[in-house]
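Remarks on the structure that follows.
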Amino acid sequence: MTSETTTPMIGRAIKRREDPKLITGQGNFLDDVKLNGMTHAAVLRSPYAHARILSIDTQKAAALPGVVAVFVGKDLLDVNPLPCAWPAGGFKNNMNTPRAMAVDVVRFVGEAVAVVIAEDRFIARDALDLIDVDYEPLAVVVDPEKATQPGAPQLHENAPNNVVVEWSAGNREGTNRAVASAEVVVKERIINQRLMATPMETRGSIARYESSTNEFTLWTSSQAPHVMRLLLTAFVFGIPETKLRVIAPNVGGGFGQKIFVYPDMVFCMWISRKLGRPVKFVEDRSENFKSSTHGRDHVTDVELSGTRDGKITGLRVKTYAGLGAYLSTIAPGVATTLYGRIVTGVYKIPNVSIDVIATYTNTAMVDAYRGAGRPEASYLIERIVDRFAAELGMDPAEVRRRNFIPPTEFPYDNGLGLLPYDSGNYAPALDKALANVGYADLRKEQATLRAQGRYLGIGISSYVEICGVAPTAWANGQGWGAGLWESANVRIHLTGQVVVTTGSLPHGQGVETTFAQIVADELGVPYDSVLIEHSDTAGTPFGYGTYGSRSLAVGGTAMVKSARKIKEKAKRLAAHLLEANPEDMIFADGKISVKGSPDKSKTFGEIALYASVGASMPEGEEPFLDETTYYDPPNCTFPFGTHISVVEVFPDTGAVEVKRYVAVDDVGNIINPRIVHGQLHGGIAQGMAQALYENAVYDDNGQLLTGTLMDYAIPNASMLPDFEISHTVTPSPVNPLGVKGAGEAGTIGSAQCIMNAVIDALSPFGVRHMQMPATPEKIWHATRG
Amino acid sequence: MARITVTVNGKSHTSDVEDRTLLVHYLREQLNLTGTHIGCDTSQCGACVVVVDGNSVKSCTTLAARCDHASVTTIEGLAQDGNLHPLQEGFWECHGLQCGFCTPGMIMSAYDLLQQNPNPSDDEVRHGLEGNLCRCTGYHNIVRAVQYAAAKMRGEEVSAPNV
Chain H
17 MTSETTTPMI GRAIKRREDP KLITGQGNFL DDVKLNGMTH AAVLRSPYAH ARILSIDTQK
77 AAALPGVVAV FVGKDLLDVN PLPCAWPAGG FKNNMNTPRA MAVDVVRFVG EAVAVVIAED
137 RFIARDALDL IDVDYEPLAV VVDPEKATQP GAPQLHENAP NNVVVEWSAG NREGTNRAVA
197 SAEVVVKERI INQRLMATPM ETRGSIARYE SSTNEFTLWT SSQAPHVMRL LLTAFVFGIP
257 ETKLRVIAPN VGGGFGQKIF VYPDMVFCMW ISRKLGRPVK FVEDRSENFK SSTHGRDHVT
317 DVELSGTRDG KITGLRVKTY AGLGAYLSTI APGVATTLYG RIVTGVYKIP NVSIDVIATY
377 TNTAMVDAYR GAGRPEASYL IERIVDRFAA ELGMDPAEVR RRNFIPPTEF PYDNGLGLLP
437 YDSGNYAPAL DKALANVGYA DLRKEQATLR AQGRYLGIGI SSYVEICGVA PTAWANGQGW
497 GAGLWESANV RIHLTGQVVV TTGSLPHGQG VETTFAQIVA DELGVPYDSV LIEHSDTAGT
557 PFGYGTYGSR SLAVGGTAMV KSARKIKEKA KRLAAHLLEA NPEDMIFADG KISVKGSPDK
617 SKTFGEIALY ASVGASMPEG EEPFLDETTY YDPPNCTFPF GTHISVVEVF PDTGAVEVKR
677 YVAVDDVGNI INPRIVHGQL HGGIAQGMAQ ALYENAVYDD NGQLLTGTLM DYAIPNASML
737 PDFEISHTVT PSPVNPLGVK GAGEAGTIGS AQCIMNAVID ALSPFGVRHM QMPATPEKIW
797 HATRG
Chain U
7 MARITVTVNG KSHTSDVEDR TLLVHYLREQ LNLTGTHIGC DTSQCGACVV VVDGNSVKSC
67 TTLAARCDHA SVTTIEGLAQ DGNLHPLQEG FWECHGLQCG FCTPGMIMSA YDLLQQNPNP
127 SDDEVRHGLE GNLCRCTGYH NIVRAVQYAA AKMRGEEVSA PNV
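Read top to bottom, the protein sequences are chains H and U.
If you're matching positions, the first sequence starts at 17 in my numbering and goes up one per residue.
If you're matching positions, the second sequence starts at 7 in my numbering and goes up one per residue.
Now the structure itself:
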């Protein structure tokens, strides 16, 4: 182990410190938490997508032995509905958020109607069958575009035509002129289907209330415990923030779904206070699918104009974005800012105009899912650019190259109200991907095989995304209602152990390992002496949590800054002990020495001990090495890359085989290559799954037809290929680590990469576009005209 | 109610279980062996896989009462004398896990796979793990992890692939 843990640690593919507990069954996930006197909740959920609740009879359920109590929506009217923290685009009093349980009207299948509390989870479930609810069904709309049409069923009185917000960006007149006068215009209706995040651990909450202190503790599977604490106390319960401690135990995957505040958090807290006993609720999988947030759900009409020689002159976009029956925590911002402002992708496009109409539908809430807006944007632009290339009969790699933002134009303003792209150099990533996949030979092979009646397809995707979210002032200008900085406290204990606490937290990303690598290097101390503490609002500084590929770029930078403050103080203390000037002190290799006199030095451990004891501090200095940083980034970061896939489609069966997947990702500097590759693998898998397998389907009655893992096809091991990952490295100038972020890049680059390959394979059949997922049935039909 | 005597990770337990109690709930709720997870309610995800009398089973679709006189191995029982099993080592060395929720079931399925086929091809590993879902890794490193373990169990020199 020694060789694995000696600095420098940055850049080394060390294995993760998170793993020993996870590979031995000691993970301690939410459902593993047991408290004395704990009761168990089961939720009765609406079977109707839209209905008036006429009556609820809970008497028989309450009488079942082992049932402690039954509650309905009307019981919880003394707490507020859940807040929406990102009312992007301005609201005209039409913001509708869910309550812990429905009161008079249910608006999607799976909305909570009643909660049974029992001595064990099995009795609670049994009791659900004894509750009688009388519903009056109402008309239903599930399609985000149809919801806006005259005569569509109305979900909320304050939202005419079910419109949440109408949002636009860019230059409408210029774009209209560009499109009207163009040599070539391609247009397409492109659907980005509804997806379900499907973390392998579902969500849930355990709440405990201490009546002696009026304090709650909430264990919840969350990506943002401090934000949950803020939203639940200040907005839902109207109690001081200090009266709630939120703990995220080991989180079994999030992918966005666990960023948000949910009804179960509220009813578990409320009921635990009411009953004076802890309350536990853990979703089963079908509840996770029906009632936790979904992702995507865009219907878009896009037109791209250009010249015959492949220059793009304009892009006009109109998107209907379904947000579900109510607004989830950050939903409006995902459909607008995080999507619409980056819809030009990696291209310099002189005229762009985008309209987003976000709507209410009788479906589960839609919010951020891995990539959150950027996958929808990159899918859109990369599909329509491929469509443009096909229209011109030009190689899709060449069309991309001709339109890339030149490296000389960074920082680059795309004209859509986004922050400037921090740094980029897109052609080398494309060239490397083309070389790695052997593009020229592949095109020859494709021609040869076509002559034999075999259909090879090659798909290219060049993407850019927004990571390291975000400068608070900018985010506030986008309607975001809070900060987006991140915190880190670094302190050196008397024994020389370094303890880092942060508002950032992992749910599979391995940031305990990555964070320790950067702090060890920054302080010049052994990796094993750095402890990273997180996920508990008690004992960590307020921070905004983990999403938007921000942990390293924002949270990691906060750690670097705290470590640097510690070094400055250590230098002052060493100078005092060595009777030298602080400005003459040099910090290197875990030692602080006097410039020009390397024999005059103190080890970092000696200084830490001296500061921790604090017996003879210099004038004006406090004991202890303990520094906190709240780091608000000056910009986001913009990772990019090119992915190329090779598929074969089989017209007889409609099957698709992914033969190769080559990715060149530029995520800036890399701290731990093994972890970064893992993030890219998983990200690519999720985008590929959208392209080929996954689709969350509601029927016209609002029934979720894909309500279990029998129907919703997240891929197993035999459905995915190996991934060939490499990089270019363009450090971000935004942060001192030069990192950009890797958590979402794979997903943002991959869906269109596969779809472009499938459509390329099918081009001999005249196919120019196909909606995801490219199922065998669709392909079989497509090959038969 | 049924009274069962079951050996779990080498230790004998005699317990009263409801007729409907599933093995996964017995392990998690009565024996406090929470390393075996529940990720779905339709037997798709495989997070609950344990080994019963030498064969991997989904403990969410096995009645506890059926395990009377059976020998059960869970993820907690895989390491011996403080030494990780080669599969546990492989998953750690090859970054075969991220959030770790699917990992216990994945490892127990792989354990059965390697008992049946000590020298699988990558394709055989992928097909052998079809009953286990992972949402984090894309399976790439899971295949590497199982091959690492397979080689080690065959007595070969092994190291994690470079990245």
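By construction, the Cβ of each residue, glycine as well, lies at the ideal position given by its N, Cα and C atoms.
Residue i, DSSP secondary structure in three states
i, result
"residue 730 of chain H", "coil"
"residue 751 of chain H", "coil"
"residue 136 of chain U", "coil"
"residue 699 of chain H", "helix"
"residue 174 of chain H", "coil"
"residue 124 of chain U", "coil"
"residue 659 of chain H", "strand"
"residue 179 of chain H", "strand"
"residue 94 of chain H", "coil"
"residue 472 of chain H", "strand"
"residue 552 of chain H", "strand"
"residue 118 of chain U", "helix"
"residue 65 of chain U", "helix"
"residue 250 of chain H", "helix"
"residue 602 of chain H", "strand"
"residue 478 of chain H", "strand"
"residue 17 of chain U", "strand"
Bounding residues of the alpha helix (DSSP H) (the contiguous stretch that carries residue i)
i, result
"residue 305 of chain H", "301 to 307"
"residue 763 of chain H", "761 to 778"
"residue 451 of chain H", "442 to 453"
"residue 192 of chain H", "188 to 196"
"residue 117 of chain H", "It is not in any alpha helix (DSSP H) - residue 117 of chain H carries neither H nor E in the DSSP assignment."
"residue 31 of chain H", "Looking at the DSSP string, residue 31 of chain H is not in any alpha helix (DSSP H), and its letter there is neither H nor E."
"residue 217 of chain H", "Neither: residue 217 of chain H is in no alpha helix (DSSP H) and is coded neither H nor E."
Close Cβ partners of residue i (< 7 Å) along its chain, the five nearest in sequence each way excluded
i, result
"residue 146 of chain H", "76, 77, 80"
"residue 395 of chain H", "208, 767, 768"
"residue 227 of chain H", "292"
"residue 579 of chain H", "506, 535, 538, 539"
"residue 94 of chain U", "84, 85, 113"
"residue 587 of chain H", "598, 601, 603, 608"
Buried or exposed (CB count within 10 angstroms, at least 16 for buried), residue i
i, result
"residue 629 of chain H", "exposed"
"residue 86 of chain U", "exposed"
"residue 109 of chain U", "buried"
"residue 406 of chain H", "buried"
"residue 806 of chain H", "This structure cannot settle anything about residue 806 of chain H, because the visible part of chain H is limited to 17 through 801."
"residue 797 of chain H", "exposed"
"residue 668 of chain H", "exposed"
"residue 33 of chain U", "buried"
"residue 303 of chain H", "buried"
"residue 745 of chain H", "exposed"
"residue 280 of chain H", "buried"
beta-carbon residue i near the ligand ATP non-hydrogen atom, thresh 7 Å
i, result
"residue 522 of chain H", "This structure simply doesn't include the ligand ATP, nor any ligand for that matter."
Residues near residue i in its chain [Cβ-Cβ closer than 6 Å; skip 5 each side]
i, result
"residue 142 of chain U", "104, 105"
"residue 549 of chain H", "517"
"residue 370 of chain H", "185, 186, 333, 356, 359"
"residue 19 of chain H", "A caution first: residue 19 of chain H carries a pLDDT of 46, below 50, which makes its placement in the model too unreliable to give a value."
"residue 527 of chain H", "567"
Start and end residues, beta strand (DSSP E) containing residue i
i, result
"residue 47 of chain U", "That residue, residue 47 of chain U, is in no beta strand (DSSP E); it is neither H nor E in DSSP."
"residue 320 of chain H", "314 to 322"
"residue 502 of chain H", "502 to 508"
Validate contact between the segment 92 to 101 of chain H and the segment 246 to 266 of chain H using beta carbons, cut 8 Å, 3 pairs: yes
On the three-pair Cβ rule with 8 Å, is the segment 613 to 627 of chain H touching the segment 653 to 665 of chain H? no
Are the segment 43 to 59 of chain U and the segment 721 to 738 of chain H in contact at 8 Å, needing three or more beta carbon pairs? yes
If you pair each beta-carbon of the segment 366 to 383 of chain H with each one of the segment 708 to 722 of chain H, do three or more pairs fall below 8 Å? yes
Cβ pair count under 8 Å reaching 3, the segment 125 to 134 of chain H against the segment 36 to 46 of chain H: no
Is it true that the segment 645 to 656 of chain H meets the segment 569 to 587 of chain H, where meeting means three or more beta-carbon pairs spaced less than 8 Å apart? yes
Would you call the segment 58 to 68 of chain U in contact with the segment 23 to 31 of chain U, where contact means no fewer than 3 C-beta pairs closer than 8 Å? yes
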